[in-house]
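When the sequence shown is numbered by the numbering used here, its final residue is 242 and no position is left out of the sequence of numbers.
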Amino acid sequence: MKIIIDTPEGIAEQAAAIYKEILDEKPNAVLGFATGSTPLDLYAELINLYKAGEISFKDVTTFNLDEYVGLEPTHDQSYRYFMDTNLFNHIDLDPESVHIPSGIDTSADALAGYDQAIAEAGGVDMQLLGIGCNGHIGFNEPGTPLESLTHVVELTQNTREVNARFFDSLDDVPTHAATMGIKTVMNARKLLLIALGESKADAIKATVEGPVTADCPASVLQLHPDAIVFCDEAAASKLSL
Ligand code: PGA
2 MKIIIDTPEG
12 IAEQAAAIYK
22 EILDEKPNAV
32 LGFATGSTPL
42 DLYAELINLY
52 KAGEISFKDV
62 TTFNLDEYVG
72 LEPTHDQSYR
82 YFMDTNLFNH
92 IDLDPESVHI
102 PSGIDTSADA
112 LAGYDQAIAE
122 AGGVDMQLLG
132 IGCNGHIGFN
142 EPGTPLESLT
152 HVVELTQNTR
162 EVNARFFDSL
172 DDVPTHAATM
182 GIKTVMNARK
192 LLLIALGESK
202 ADAIKATVEG
212 PVTADCPASV
222 LQLHPDAIVF
232 CDEAAASKLS
242 L
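Here you go:
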């Protein structure tokens, strides 16, 4: 696991440069995207690079980590809507090449079909990750088996409270989500996790310096052959590096 500490702006630039490297080498890369506040600067940077003619997503296929159960793709808090408004609508990605777990059809077939679609696309070349204050990746909350594939999870009260800022009230935050499993994430050839802010400091310490345990799902990145963890100073503040 490679740890890189930089300012949030520096992280967005360095991470965008990694996307450019991958796309220069493999224009039809399979990219795993994430939602949340953390990747917003990176997405703005990717849009800038696209508008400057430096990168193209024309031949890219995407797979997002997760989606709230019960929200239609058009719901303004769905992760599909988030991706459309913050990235996809601003680049030359073919909408047909976008994959996000369905929050509506969460049948066993649909969930297994998500892993199947990833395999059929040749696997994810690089998966972007945020991290929850409790160490979750995607919506794999503490206790999720490390062998899990795409599945439905019940969100913890803490995760719902943290995400309530995007909804009118806590009651409006869905109780469940469909998420890539930990194994689905680990199958990606490269992982790029970004952690910003003091609220992530404990999770980052457990991820980087703690044992590999389902209690901190992100700790599994220690076992990945090509995982990069970008932290700002605040998120890195509890590391004993
Ligand atoms: P955030 O969420 O980027 O909004 O902090 C990250 C996560 O919960 O995985």
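All C-beta atoms, glycine included, are put in the ideal place defined by N, C-alpha and C. All of these numbers come straight from a predicted model, not from anything done at the bench.
query                                                                                                            : result
Classification of PHE90 by the beta-carbon crowding that lies within 10 angstroms, buried from 16 upward         : Looking at the sequence provided, one finds Asn at residue 90 rather than Phe. With fewer than 16 Cβ atoms within 10 Å of its Cβ, ASN90 is classed as exposed.
Residue ranges of each alpha helix (DSSP H) within the stretch 38-72, 4 or longer                                : 41-52
Touching by the beta-carbon criterion (3+ pairs, under 8 Å), the stretch 185-196 and the stretch 166-177         : no
Check whether ILE56 and TYR80 have beta carbons under 8 Å apart                                                  : no
Own chain residues within Cβ distance below 7 Å of ASN87, not counting five before or after                      : LEU41, TYR44
Spatial distance of LEU150 from LYS201 (CA atoms)                                                                : 25 Å
Segment limits, alpha helix (DSSP H) that includes MET127                                                        : Here MET127 belongs to no alpha helix (DSSP H); instead the beta strand (DSSP E) covers 127-130.
For review: beta carbons within less than 5 Å of any heavy atom in the ligand PGA                                : GLY37, SER38, THR39, GLY131, GLY133
Sequence-distant residues of the same chain with beta carbon closer than 8 Å to VAL125, five excluded per side   : VAL31, LEU32, GLY33, PHE64, ILE119, ASN188, ALA189, ARG190
Among GLY54, ALA122, SER108, the one whose alpha carbon lies nearest that of HIS100                              : ALA122
GLY144 classed as buried or exposed, judged by whether at least 16 other C-beta atoms fall within 10 angstroms   : exposed
The stretch 8-25 touching the stretch 213-227, judged by at least three CB pairs closer than 8 Å                 : no
Residue(s) in a DSSP beta bridge with GLY33                                                                      : PHE64, GLN128
Buried versus exposed, by CB contacts within 10 Å (16 or more), THR75                                            : exposed
Spatially closest choice to ALA17 from LYS239, ASN49, VAL163, by CA coordinates                                  : ASN49
Cβ neighbours of LEU129 in the same chain (closer than 7 Å, five flanking residues each side left out)           : GLY33, PHE34, ALA35, PRO40, LEU193
Three-state class that DSSP yields for VAL213 in the structure shown                                             : coil
Whether GLY104 touches GLY71 by CB criterion (8 Å)                                                               : yes
Runs of beta strand (DSSP E) lying entirely within the stretch 143-200, each at least 3 residues, in chain order : 152-155, 177-180, 191-196
Pick from LEU147, GLU148, CYS232, GLY133 that is closest to ASN159, judged by C-alpha positions                  : GLY133
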